[in-house]
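Engineer: Before we start, here is the structure in question, set down as structure tokens.
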Amino acid sequence: MPKRARSQLSKHSSQARAARIRRTEESSPERLQRLAEQNQRKSQVRARESSVERSQHLAQQNLRTSELRARESSVRNALPNKA
């Protein structure tokens, strides 16, 4: 029998856990620096986007937002009203 491939779930979880630990242990100046670098990378990526890519990006964002709002309103409507 062929060897069964291991799930990547634990690998990703440990990486996410390590990143979360690094973020909780960073000081305020380190946090500000990390966020500034992150914003700079995002703006550079956005600057390289074509108008078609930008339109697709915004359409996906709008879809996610509308789906989130629909889920929130369905949950809100499912809760009993408090009088």
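Note that the UniProt record's numbering has the sequence shown beginning at 1, numbered continuously upward.
Glycine residues also receive a C-beta, built at the ideal position from the N, C-alpha and C atoms.
Since this is a predicted model, take the numbers as computed values, not measurements.
Where Leu-58 and Pro-2 are concerned, what is the direct C-alpha to C-alpha distance, given to the nearest angstrom?
Structural biologist: In a straight line, the C-alpha of Leu-58 is about 45 Å away from that of Pro-2.
Engineer: Taking the C-alpha atoms as reference points, what is the distance between Ala-47 and Ser-13?
Structural biologist: In a straight line, the C-alpha of Ala-47 is about 32 Å away from that of Ser-13.
Engineer: Just the C-alpha distance for Gln-61 and Asn-77, rounded to the nearest angstrom, thanks.
Structural biologist: Taking the straight line joining both Cα atoms gives about 24 Å.
Engineer: Please report the residue range of the alpha helix (DSSP H) in which Glu-67 lies.
Structural biologist: First-last of the alpha helix (DSSP H) with Glu-67: 51-78.
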